[in-house]
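In this note's numbering, the protein residues as written are 64 to 380. Structure first, commentary second.
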């Protein structure tokens, strides 16, 4: 089967969940090959990549690949594409991943698809576009298909691969070194999962009413082991940090379960969460647009419904 390159997303040597999803997806279409760019690969990381199907692990361990912004990784992938002629390249549809995909497409004279939520035979991608108003299927017509896939679009499933390591030498152009990273600030990680990778997300909106009342949303999230999200109305009001905003101008999530409490369901918010596998809406307005999208809906005051739901979940643990 043809080789499919998967760009590894990792933090301090720990492979992120979205990479395991991409390897699982690649396995259904060809032979997965993980691409690790930058120093710091560990035995545990290699074992994890092999566990989820990586037959090869291409390692570009040069410090230069992470000393500059985005461009070196795109050049490294372009050189690998030219050398290995893969059937496709898969990256995570993160802010950096999508920029790498775009740059790689230009360098390889190939088509690119971003924000895919599914990928089938012939590398036909499923997408949700125009603020979630239209679902389409798209296919690259020229060059090597480059596809940025949304996190949580595929359930990761282990299936052992050989995990054969191969070192790659990368020659960077002067243009790739134009913007240097001068400082990295580590964000403290809480007990909750990362919003874009969480399997369950509980979001609050205008109906929450205040910053203090977001403790109700956090309580349900903690009971479920979920991430906390917020609508733009809630973040603009200062009730919750903007980094947790879900929607067209915030983050895109695609969890297995999305609970929207006190969120009306404006199209801008729907664009960021409508690919969730199961959507539960809690809103006291029976005409709220979110109910059109929801798999299950509760018409009621979230300040009464959510605490009862939280208590019931705790009883069953």
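Every residue, glycine too, gets a C-beta built ideally from N, C-alpha and C.
- Residue burial annotation: residue 238 is exposed, with fewer than 16 other C-beta atoms found within 10 angstroms of its C-beta.
- The way I'd put it, the stretch 161-173 doesn't touch the stretch 73-92; fewer than three beta-carbon pairs between them come closer than 8 Å.
- In this structure residue 67 does not touch residue 201 by the C-beta definition: roughly 18 Å separates them, more than the 8 Å allowed.
- Within the same chain, 120, 226 and 228 come within 8 Å of residue 109 by CB-CB distance, once the 5 residues on both sides are set aside.
- In this structure residue 98 is in contact with residue 143, their Cβ atoms being roughly 6 Å apart against a cut-off of 8 Å.
- Non-local beta-carbon contacts of residue 255 in its own chain, meaning distances under 6 Å to residues more than five positions away in sequence, involve 290 in chain order.
- Put simply, of 232, 292 and 107 the residue whose alpha carbon is nearest the alpha carbon of residue 79 is 107.
- Taking one beta carbon from each stretch, the stretch 262-274 and the stretch 234-248 have fewer than 3 pairs nearer than 8 Å; the two do not touch.
- In the three-state reduction of the DSSP assignment, residue 214 falls in the coil class.
- The stretch 315-325 and the stretch 341-351 touch, with three or more beta-carbon pairs separated by less than 8 Å.
- In this structure, the beta-carbon distance from residue 211 to residue 139 does not fall below 8 Å.
- In the structure shown, residue 243 adopts extended strand secondary structure according to DSSP, grouped into three states.
- A direct Cα-to-Cα measurement between residue 305 and residue 64 gives close to 44 Å.
- Taken through DSSP and simplified to helix, strand or coil, residue 103 comes out as coil.
- In this structure residue 220 touches residue 87 by the C-beta definition: roughly 5 Å separates them, less than 8 Å.
- Around the beta-carbon of residue 185, fewer than 16 other beta-carbon atoms lie within 10 Å, marking it exposed.
- Listed in chain order, the non-local C-beta contacts of residue 217 below 6 Å within the same chain comprise 84, 87 and 88, local neighbours out to five positions each way being set aside.
- DSSP, read as helix, strand or coil, puts residue 208 in coil.
- If you look at residue 379, you'll find it isn't in any beta strand (DSSP E); DSSP assigns it neither H nor E.
- Selection 162, 316 and 104 evaluated against residue 136 yields 162 as nearest (Cα-Cα).
- Annotation for residue 179: the continuous beta strand (DSSP E) segment containing it runs 175-183.
- Here the alpha carbons of residue 133 and residue 95 stand approximately 23 Å from one another.
- The Cβ-Cβ distance between residue 301 and residue 274 falls below 8 Å.
- Excluding sequence positions up to five before and after residue 368, its CB lies within less than 6 Å of the CB of 345 and 361, all in the same chain and listed in chain order.
- Per DSSP, the continuous beta strand (DSSP E) segment holding residue 190 begins and ends at 187-192.
- Taken through DSSP and simplified to helix, strand or coil, residue 230 comes out as strand.
- Boundaries for residue 79: no alpha helix (DSSP H) harbours it, and the DSSP string shows neither H nor E there.
- Per DSSP, the unbroken beta strand (DSSP E) holding residue 292 starts and ends at 290-293.
- Between residue 175 and residue 209 the beta-carbon gap is near 4 Å, inside 8 Å, which marks them as a contact.
- Sorting 283, 152 and 197 by C-alpha distance to the C-alpha of residue 206 places 152 at the top.
- Measuring C-alpha to C-alpha distances from residue 269 to each of 154, 233, 359 and 295 identifies 295 as the nearest.
- The residue among 192, 354 and 101 with its C-alpha nearest the C-alpha of residue 230 is 101.
- Restricting attention to 147, 365 and 105, the CA atom closest to the CA of residue 277 is found in 365.
- In this structure, residue 321 and residue 353 do not form a Cβ contact; the two beta carbons are roughly 10 Å apart against a cut-off of 8 Å.
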